[in-house]
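K.L.:
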Amino acid sequence: SFISTTPTNDDDQLIRQVVSNTPEDNDLTSHHHFTNFLQKYGKSYKDADEHAYRFSVFTSNLRRAKRHQKLDPSAIHGVTQFSDLTPNEFKIKHLGLRKKVTLSNANQAPILPTND
Amino acid sequence: LPEDFDWRDHGAVTGVKNQGSCGSCWSFSTTGALEGANFLATGKLVSLSEQQLVDCDHECDPDEPRSCDSGCNGGLMTTAYEYALKAGGLEPEADYPYSGTDRGTCKFDKSKIAASVANFSVVSLDEEQIAANLVKHGPLSVGINAVFMQTYIGGVSCPYICGKHLDHGVLLVGYGSAAYSPIRLKDKPYWIIKNSWGENWGEKGYYKICRGRNVCGVDSMVSTVTAIHTKPQ
Chain U
3 SFISTTPTND
13 DDQLIRQVVS
23 NTPEDNDLTS
33 HHHFTNFLQK
43 YGKSYKDADE
53 HAYRFSVFTS
63 NLRRAKRHQK
73 LDPSAIHGVT
83 QFSDLTPNEF
93 KIKHLGLRKK
103 VTLSNANQAP
113 ILPTND
Chain C
393 LPEDFDWRDH
403 GAVTGVKNQG
413 SCGSCWSFST
423 TGALEGANFL
433 ATGKLVSLSE
443 QQLVDCDHEC
453 DPDEPRSCDS
463 GCNGGLMTTA
473 YEYALKAGGL
483 EPEADYPYSG
493 TDRGTCKFDK
503 SKIAASVANF
513 SVVSLDEEQI
523 AANLVKHGPL
533 SVGINAVFMQ
543 TYIGGVSCPY
553 ICGKHLDHGV
563 LLVGYGSAAY
573 SPIRLKDKPY
583 WIIKNSWGEN
593 WGEKGYYKIC
603 RGRNVCGVDS
613 MVSTVTAIHT
623 KPQ
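Sequence order for the protein chains is U and C.
Residue 108 in the numbering used here sits at position 106 of the first sequence; the count goes up by one each step and never skips.
Residue 618 in the numbering used here sits at position 226 of the second sequence; the count goes up by one each step and never skips.
Written out as structure tokens, the structure reads:
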């Protein structure tokens with residue numbers, strides 16, 4: 003039989019993390035990501051308290067991105083320009099579709115042929 | 393229907409815009425659809441004014457009179473079409489540029505109208521009908537649940553679980569027949585969606601979401617618009 007020594011994508015999926023994953027390590031990683039985030043998006047905050055608060059929100063969003071990655075494996079989730087916003091802030095500042103139960107008052111589009 | 397279709401390849405889609413910190417996604421979805429419809433009617437692609445909608449469109453839902461288009465506080469694409477129909481049309485972006493706030497007054501100048509609505513309608517939940525209307529009438533306004541969009545970087549989004557509550561207005565510009573899904577071990581068809589959060593978000597401002605099961609409610613609020621050719625007076 004033949005055993006390949008070249009790692010492939012399939013091999014990657016079988017590799018398990020064996021290094022420590024302590025809270026201290028996670029904290030260091032989060033700080034690193036946050037520093038990169040601030041640089042990449044040119045963000046700064048008015049004072050140390052705001053900076054600390056935004057870091058806590060950012061850390062929470064890192065965990066959220068990990069959850070999204072598990073729930074949505076065919077997409078890539080991670081740090082975006084919105085990573086320092088709470089879900090509610092994100093909703094208020096960047097969404098804005100008014101609630102609508104039905105669209106009954108608008109004209110219905112005629113059915114189009116789809117087989118040719 | 394073609395297997396793959398993208399209105400960007402046919403010149404019907406303007407560059408990605410950025411709504412900034414303002415809940416005006418509904419106005420970008422509206423202008424995007426009318427830009428495409430106007431392109432089909434006139435052969436010219438003109439970027440249209442979201443700020444006109446933000447400042448001047450306070451159209452209310454006939455079924456829910458307290459529910460009205462309200463600048464950065466939100467709106468609805470179908471009522472925005474209704475506004476555009478009543479007002480006579482939308483100005484070009486160049487004449488009424490986007491400011492990202494709703495604190496200004498309406499500065500609409502009817503003599504500068506660049507695109508006018510001929511008709512609009514809502515499309516049924518059927519994905520084949522959505523695709524057919526997209527190909528026939530141009531990019532479509534759609535509502536979506538944006539919960540996965542806050543952390544989206546790229547790829548085809550196909551979450552196992554996603555709410556159907558719609559909170560974001562975007563523009564459906566095309567579809568693809570297959571993109572590889574490593575976990576599901578099969579090719580998946582997807583919609584191509586233009587967002588209004590700038591080119592630095594997602595795939596150069598675009599979002600791909602899988603087709604087939606109304607994921608994140610993407611099939612449930614779809615509207616199409618047609619335009620008439622208007623020359624500046």
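Cβ coordinates follow ideal geometry from the N, Cα and C atoms, glycine included.
(1) Is it right to say C:Pro-551 is buried, meaning 16 or more other beta carbons lie within 10 angstroms of its own, or is it exposed?
(2) U:Asn-63 touches chain C at which residues, Cβ-Cβ below 9 Å?
(3) Just the Cα atoms here: how many angstroms apart are C:Thr-497 and C:Asp-447?
(4) Tell me which residue opens and which closes the beta strand (DSSP E) that U:Lys-101 is part of.
(5) For the stretch 24-77 of chain U, which segments carrying the alpha helix (DSSP H) assignment without a break, of at least 4 residues, lie completely within its bounds, in sequence order?
(6) Using the beta-carbon of each residue, which ones in chain U are nearer than 8 Å to C:Gly-547?
(7) When you compare only the Cα positions, how much space is there between C:Ser-569 and C:Ala-476?
(8) Tell me which same chain residues have a C-beta within less than 8 Å of the C-beta of C:Pro-484, skipping the five on either side of it?
(9) I'd like to know if C:Cys-498 contacts chain A, where contact means its C-beta is closer than 8 Å to some C-beta of that chain.
(10) State the CB to CB distance for the pair C:Val-617 and C:Tyr-490, rounded to an integer number of angstroms; the pair is presumed to be in contact (CB under 8 Å).
(11) Go through its chain and collect everything with a Cβ distance to C:Lys-580's Cβ below 7 Å, but skip five positions before and after it.
(12) Pick helix, strand or coil for C:Pro-484, following the three-state DSSP scheme.
(13) Please classify C:Gln-411: does DSSP put it in a helix, a strand, or coil?
(14) Using a Cβ cut-off of 7 Å, which residues of the stretch 27-56 of chain U contact any Cβ in chain C, in chain order?
(15) Taking C-alpha atoms, which residue in U:Lys-42, U:Val-81 and U:Asp-51 lies nearest to U:Ser-62?
(16) Beta-carbon of U:Asn-90 versus every beta-carbon of chain C: anything under 8 Å?
(17) Run through DSSP, which three-state label would C:Gln-542 get?
(18) Tell me the rounded alpha-carbon separation between U:Lys-68 and C:Phe-540.
(19) Spell out whether any CB of chain C is found under 8 Å from the CB atom of U:Phe-84.
(20) Using 8 Å as the limit for Cβ to Cβ distance, is C:Gly-609 near chain U?
(21) Please determine if the stretch 556-567 of chain C and the stretch 584-600 of chain C are in contact, where contact requires at least 3 C-beta pairs separated by less than 8 Å.
(22) Any idea what DSSP makes of C:Asp-518, helix, strand or coil?
(23) Taking CB distances under 8 Å as the criterion, tell me whether C:Glu-520 reaches chain U.
(24) Quick check on DSSP: helix, strand or coil for C:Cys-608?
(25) Straight-line CA distance for U:Thr-8 to U:Gln-71?
(26) Using DSSP's beta-bridge definition, name the partner residues of C:Ala-619.
(27) I need the straight-line Cα distance from C:Gln-413 to C:Trp-593, nearest angstrom please.
(28) Have a look at the DSSP bridge pairing and note the partners of C:Tyr-599.
(29) Considering only DSSP beta bridges, list what C:Asp-398 is partnered with.
(30) By the three-class DSSP mapping on this structure, what secondary structure does U:Gln-19 have?
(31) Measuring CA to CA, which of C:Gln-542, C:Leu-558, C:Asp-559 and C:Ser-612 is closest to U:Ile-78?
(32) Step through the CB atoms of chain U and report whether any lies within less than 8 Å of the CB of C:Thr-406.
(33) Does the beta-carbon distance from C:Trp-361 to C:Leu-482 come in below 8 Å?
(34) Just mark U:Ser-76 as buried or exposed, buried being the case when its beta carbon has 16 or more other beta carbons within 10 Å.
(35) State the Cα-Cα distance for the pair U:Asp-56 and C:Ser-462, rounded to the nearest angstrom.
(36) In whole angstroms, what separates the C-alpha of C:Phe-500 from that of C:Ser-508?
P.N.:
The answer reads as follows:
(1) That one is buried.
(2) Those within 9 Å of U:Asn-63 in chain C are Gln-542 and Thr-543.
(3) Cα to Cα, C:Thr-497 sits roughly 6 Å from C:Asp-447.
(4) Premise fails: U:Lys-101 is in no beta strand (DSSP E) and is neither H nor E.
(5) Along the stretch 24-77 of chain U, the alpha helix (DSSP H) occurs as fully enclosed runs of 4 or more residues at 25-43 and 50-73, listed in sequence order.
(6) Near C:Gly-547 (Cβ distances below 8 Å), the residues of chain U are Ser-76, Ala-77 and Ile-78.
(7) Rounded to whole angstroms, C:Ser-569 and C:Ala-476 show a C-alpha spacing of 34 Å.
(8) Correct list, in chain order: Val-438, Ser-439, Leu-440, Ser-441, Lys-504 and Ala-506.
(9) Going by chain labels, chain A is absent from the structure shown, which instead holds the protein chains U and C.
(10) In fact, because the Cβ distance is near 20 Å, the residues do not count as touching under 8 Å.
(11) Same-chain partners within the cutoff: Val-548, Cys-550, Ala-570, Ala-571, Ser-573 and Cys-602.
(12) Strand at C:Pro-484.
(13) C:Gln-411 sits in coil when the DSSP states are folded into three classes, being neither helix nor strand.
(14) Hits within the stretch: zero.
(15) Taking only the C-alpha atoms, the option nearest U:Ser-62 is U:Val-81.
(16) So, not an interface residue.
(17) Residue state, collapsed to three classes: coil.
(18) Whole-angstrom Cα-Cα distance: 11 Å.
(19) At least one beta carbon of chain C lies nearer than 8 Å to the beta carbon of U:Phe-84.
(20) Chain U, which has no Cβ nearer than 8 Å to the Cβ of C:Gly-609, makes this no.
(21) Yes, they touch.
(22) When DSSP states are grouped into helix, strand and coil, C:Asp-518 belongs to the coil group.
(23) Yes, contact with chain U.
(24) Secondary structure of C:Cys-608 (DSSP, three-state): helix.
(25) Note that U:Thr-8 scores 41 on pLDDT, short of 50, meaning its location in the model is unreliable; the coordinates nonetheless yield the value given after this. So the two alpha carbons sit approximately 27 Å from each other.
(26) Answer is C:Val-509, bridged to C:Ala-619.
(27) Sequence check: residue 413 of chain C is Ser here, not Gln. Just so you know, the alpha carbons of C:Ser-413 and C:Trp-593 end up roughly 14 Å apart.
(28) C:Tyr-599 is bridged to C:Ile-585.
(29) Answer by DSSP bridge pairing, in chain order: C:Gly-566.
(30) With a pLDDT of 49 at U:Gln-19, under the threshold of 50, the modelled position of this residue cannot be trusted; read the value that follows with caution. Three-state DSSP puts U:Gln-19 in coil, outside helix and strand.
(31) Residue C:Gln-542 is the option with its Cα nearest to U:Ile-78.
(32) Not an interface residue.
(33) In this structure chain C extends from 393 to 625, so residue 361 of chain C is not present and cannot be described.
(34) Counting C-beta atoms within 10 angstroms of its own C-beta, U:Ser-76 has 16 or more neighbours from the protein chains shown and is therefore classed as buried.
(35) This sequence places Arg at residue 56 of chain U; Asp is not what is there. Spanning the two alpha carbons is a distance of roughly 29 Å.
(36) Going by the C-alpha atoms only, they are around 14 Å apart.
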